[in-house]
Structures are given as structure tokens and as C-alpha cells.
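This report concerns only the one structure given below.
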Amino acid sequence: AQKVTQAQTEISVVEKEDVTLDCVYETRDTTYYLFWYKQPPSGELVFLIRRNSFDEQNEISGRYSWNFQKSTSSFNFTITASQVVDSAVYFCALRRYNTDKLIFGTGTRLQVFP
Amino acid sequence: AAGVIQSPRHLIKEKRETATLKCYPIPRHDTVYWYQQGPGQDPQFLISFYEKMQSDKGSIPDRFSAQQFSDYHSELNMSSLELGDSALYFCASSGPSSDHYEQYFGPGTRLTVT
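Quick mapping for you: the protein sequence lines, in order, are chains A and B. If you read the first sequence in my numbering, its first letter stands for residue 1, the second for the next number, and so on. If you read the second sequence in my numbering, its first letter stands for residue 1001, the second for the next number, and so on.
Here's what the structure looks like:
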């Protein structure tokens, strides 16, 4: 079975703190895709990153970085020097090869206080 | 850059009525996806279309139907509406080749059934 677990339901930090959002996935497939999406209070879903199962290279984009480890089936997301605008629900998602369906985790609500 | 357009943004219907949601994908995107997100929940995949043909199917009720037209826009038709259909409905689109695996979401249509 395919499953995505985001154990952290809610995280609160103060501005400028670093924060890591955890994502653990389950799949027996050898080829799959992992994603992070951001859902701000306005409600839209914003694509942040895609990582292929055969590419374990970590990625950094500005204050965002992602750590993909197949050995632990984890795809964690770190925000450095958090800002109030980072306040949102963050979803991790899994997509199997040759399917269209995104399997989302239950999301982590991040609140950044000034 | 152009994004996915969904209309209407808000819709209020009564039980047993019908509703039609429209989605206009990003230009040159050939695949459209529909998701349903209940209050406080993660998005659930309903159905997808590639080149006007149904591509994949998720947990879409029999009361719902969808199609993709020759200009690639898509419509989700919902009949015999129930209170439990109240949700945020997202349309997403993706393009050809490697971009196919990245789904870009529209702002959503918030459906309220009373």
C-alpha cells in the first residue's frame, strides 16, 4: 500500500527560527515521485518541489531545503530563518510511476509568529 | 505566468441540486486532474484526463462525472448534491514530457451545499 505520514500536526515557531517538517512515505514501487505543496490561508495549493525516486540529491532553494533519504523513506523539508509569510499548511505527497494520483499526507500546519 | 483558472470560485447549492465546475489548464498543458478537499483534510484525487480521454480514476462518486474538451478545459458535473459534498474542489494541470509529473493547482472552487 502507498502511504504518506506527516506526524507533526502543528508546529509553532518564532520568526527567524529554523524549522523542519517531516515526511515519511511507504511504497513498494522502485520508481515513484515525491512532492511538497504549500497551502497558505488563502487556500490555494502551491507546488514547491518534485523529487524522483532515483535522484537522492538534496536540494536548496533560497531558504528552503529538502533532504531525501531512501534508506529511511523520508523526504524532509527545512525552512531556514522562517518568516511570517511561511505560515501555511504544508503537504507532502507521493505519486506512483504511470499513475496520476497524488497521495497526500495529512499536512503540517506551520505557524510563524513575529 | 498563466495559472490554472477555475470557475466559479464560490458556489452555494441546495441538497439534490446539480453543480458544474469548470477548469482551464495552463496553456499547452494536456492533462487535467480533479481533487476534493474536505474541511481540515488533505486533498483526495477524483479523476484525471489526458488528451480528452480519462486517464486515471480515484474515489469519485457515481453522482459525479467529468470530461475534457477539445480546447483542454475540463468540467466536473455533480448531481444530487449531498451535504457531504461541501468541500474545496481543485483542478490541476500538467504539461508534456518531464513536466508531466508536476501538477499545478488552480485556486479551487469552494462548494457549499445547504
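All residues carry an ideal CB built from backbone N, CA and C; glycine is no exception. It should be emphasised that the depicted structure is a prediction, and the values quoted were computed from it without experimental measurement.
Compare the Cα-Cα distances from Val112/A to each of Leu102/A, Thr99/A, Ile103/A and Tyr90/A and report the closest residue. Comparing Cα positions, the closest option is Tyr90/A.
Check the C-beta distance from Val13/A over to Ser82/A and give it rounded, since I have them as a contact under 8 angstroms. Taking the Cβ atoms as the reference, Val13/A lies roughly 5 angstroms from Ser82/A, within the contact range of under 8 angstroms.
What residues from chain A crowd round Pro1043/B, counting only those whose CB sits closer than 8 angstroms? Leu45, Phe91, Leu102 and Phe104
Let me confirm a value: Gln39/A is counted as buried when at least 16 other C-beta atoms fall within 10 Å, else exposed. Which label applies? buried
Are the Cβ atoms of Ser73/A and Tyr33/A separated by less than 9 angstroms? no
Reducing DSSP to helix, strand and coil, say where Val89/A ends up. strand
Strictly under 9 angstroms for the Cβ-Cβ distance: is Phe54/A near chain B by that measure? no
Could you tell me the distance, in whole angstroms, from the CA atom of Glu1014/B to the CA atom of Arg1063/B? 15 angstroms
Applying a beta-carbon distance threshold of less than 7 angstroms, which residues of chain A neighbour Tyr1101/B? Tyr33, Arg50 and Arg95
Could you tell me which chain B residues have their CB closer than 7 angstroms to the CB of Thr99/A, listed as they occur along the chain? Those are Asp1056, listed as they occur along chain B.
What is the rounded straight-line gap between the Cα of Ser1097/B and the Cα of Gly105/A? 26 angstroms
Determine the direct distance from the alpha carbon of Thr80/A to that of Lys16/A, and round the result to whole angstroms. Rounded to whole angstroms, Lys16/A to Thr80/A spans 7 angstroms at the Cα level.
With His1073/B and Tyr1024/B assumed to form a contact (beta carbons below 8 angstroms), what rounded beta-carbon distance in angstroms separates them? 5 angstroms
Going by Cα to Cα distance, which pick from Ile1060/B, Leu1088/B and Asp1071/B is closest to Lys1052/B? Distance from the Cα of Lys1052/B is smallest, within the candidate group Ile1060/B, Leu1088/B and Asp1071/B, for Asp1071/B.
At which residues does the beta strand (DSSP E) containing Cys1023/B begin and terminate? Ala1019 to Tyr1024
State buried or exposed for Ser1093/B, treating a residue as buried only when at least 16 other CB atoms are found within 10 Å of its CB. Ser1093/B is buried by the Cβ-count criterion.
Between which two residues does the beta strand (DSSP E) holding Ser74/A run? Ser74 to Ile79
Can you look up Lys1052/B in the DSSP assignment and give me helix, strand or coil? coil
Chain A contacts from the stretch 1082-1112 of chain B (Cβ-Cβ distance under 7 angstroms): Leu1088, Phe1090, Tyr1101, Glu1102, Gln1103, Tyr1104, Phe1105, Pro1107 and Gly1108
In the stretch 1012-1033 of chain B, which residues sit with their C-beta less than 9 angstroms from some C-beta in chain A, listed in chain order? Thr1031 and Tyr1033
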